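The sequence shown runs 1 to 302 under UniProt numbering.
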Amino acid sequence: MAKEKEAQELAAKKEAEEKAAAEKLVKEKEAQELAAKKKKAEEEAQQKNERFAGYELIEVDGGDVSGYREANIVVDIGYGDREYWAFTNEHGQLERVVAAEIIVQDDSSEPVLSSGRYYSDEAKVPGVESDILDEGHVIADSLGGVSNAYNITPQESTLNRHGDQAYMEDSIRDAGGATNFEAIITYPDTETQIPSSYQYSYTIKGNQVVDAFDNANPDEINASLGLTDSEPDASFSAATNSEPAESAPADTGGDVSSVDTNGNGQVTIKEAKAAGFSMPIMSDHWLYPYMRDNDHDGMVGE
C-alpha cells in the first residue's frame, strides 16, 4: 500500500510539473504574440506618422454630402475596413489618393443600395452643380469608395460615365482589384475645386498601369485630334499612305509591339492609324483586345 501511495504521489507530482511547464509555454507564447502585435502596431503607427507628416488625420462620415474640405487633411475614404487615404493641399483641394490595395465592392456581404452605391447621394463639392459635370468618385463605389467630399471631384460627365475614368474603374473591377493605387489630381489654379487633369497609377495582375487624362469630354478631344473621322486626318496621311507595319488580317493576329509604339501594352487610335490600320477596329479584329472601347459597343474609332 505504501509503495502504491508513493507511486501515485510521484505521478501526481509529475503531472503537476508537466502542467506547470505547459502553462509556462502558453504564457510565453502569448507574451511573444502580444509583443509581436505591439511591435507591428508601433511600426504601422510610425509608418502612418511618416506618411501623414504635415497632414491632420480626421474622420468624415462616408455619406456626408457637404462639399466643404479642410486644408492639409488626410481622410480614410475606404468603405468598411478598407484603407484608402485622401489628402488635401493648403487650399483644401483634393490632390492625392493612395491605397495599398483596392478591394472591390461585395454586394453579397455589404449594405449596397439597389443603385449599386453605398449612399443615396454624393458630396456637393463646388462645381458639381454644372450641367456638364458629375459628382465624380476618385475611387468608385464599385471599388469600395465612399461619397464624401474627400472622394468626390466635379468631373466631366462623358469622361466619368463612358471615358477614361469609367475604363479605369472597369479594368480594376474586372481584374478583381488592384494594388499600389495612387491618384494625382491637378487644378488650373488655387481657387477652384474643379480639376484640370487626373493621373492614376496602379497594378493589376502584376502589370503596372498609368492612366493620365484631362477633365474634359473625350469625344470632343478625339474630334479635335481628328480621331473620330472615318478617314485618317492629315497628320497621319504620310504614315497611312506608306506601307503598313505588317498589318495582319482580323482573323490571323499580329505583332502588337509593331503598333504599340510606346510599349505600354495598350494601342491608341493614333498608333493604330499610324501603323496603317483603318477605323473602326471591330471586336473580331486582333487589335481590339489591346484598345479601349469606352462605350463598349464592339468597335473602336467609329
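We put the CB at the ideal spot given by N, CA and C, even for glycine. Note that this is a predicted model, so its numbers are computed, not measured.
Just verifying my parser: in three-state terms, what is the DSSP assignment at residue i?
i, result
"D134", "strand"
"D121", "coil"
"Q32", "helix"
"L94", "strand"
"V75", "strand"
"T240", "The predicted position of T240 is uncertain, since its pLDDT is 35 and thus under 50; no value can be drawn from it."
"N180", "strand"
"residue 303", "Outside the modelled stretch of the chain, which goes from 1 to 302, sits residue 303, for which no answer is possible."
"A7", "helix"
"E101", "strand"
"V26", "helix"
Would you mind stating whether residue i and residue j have Cβ atoms separated by less than 9 Å?
i, j, result
"D61", "N148", "yes"
"residue 325", "Y202", "Outside the shown range of the chain (1 to 302) lies residue 325, about which nothing can therefore be said."
"L113", "G136", "no"
"N215", "T153", "yes"
"G78", "G176", "no"
"V104", "W85", "no"
"A272", "I281", "yes"
"I102", "T179", "yes"
"S283", "G301", "no"
"P126", "G67", "yes"
"E56", "E33", "no"
"I204", "S171", "yes"
"Y290", "D260", "yes"
"Y167", "D211", "yes"
"E95", "Y187", "yes"
"residue 304", "G63", "Only positions 1 to 302 of the chain appear in this structure, which leaves residue 304 out of reach."
"R161", "D141", "no"
"G265", "W286", "no"
Which residues mark the beginning and the end of the alpha helix (DSSP H) in which residue i is found?
i, result
"S201", "S201 -> not in any alpha helix (DSSP H); beta strand (DSSP E) instead, spanning 197-204."
"Q165", "164-174"
"A223", "218-224"
"E271", "269-274"
What residue range does the beta strand (DSSP E) around residue i cover?
i, result
"P154", "152-156"
"I58", "56-58"
"F52", "That residue, F52, is in no beta strand (DSSP E); it is neither H nor E in DSSP."
"V210", "207-214"
"residue 326", "There is no way to answer for residue 326, as the model of the chain reaches only from 1 to 302."
"F87", "85-88"
Count the other CB atoms, across all protein chains shown, that sit within 10 Å of the CB of residue i; report buried if there are 16 or more and exposed otherwise.
i, result
"I58", "exposed"
"T190", "exposed"
"L25", "exposed"
"R51", "exposed"
"K5", "exposed"
"L10", "exposed"
"E156", "buried"
"G206", "exposed"
"P111", "exposed"
"D76", "buried"
"A100", "exposed"
"K38", "exposed"
"D106", "exposed"
"E231", "Caution is warranted here: a pLDDT of 47 is assigned to E231, below 50, making its placement in the model unreliable, and no coordinate value can be reported."
Handout entry: Cβ contact (3+ pairs, closer than 8 Å) linking the region 38-49 and the region 11-30
Key = no
Practice task
Please determine if the region 114-126 and the region 176-188 are in contact, where contact requires at least 3 C-beta pairs separated by less than 8 Å.
Solution key: no
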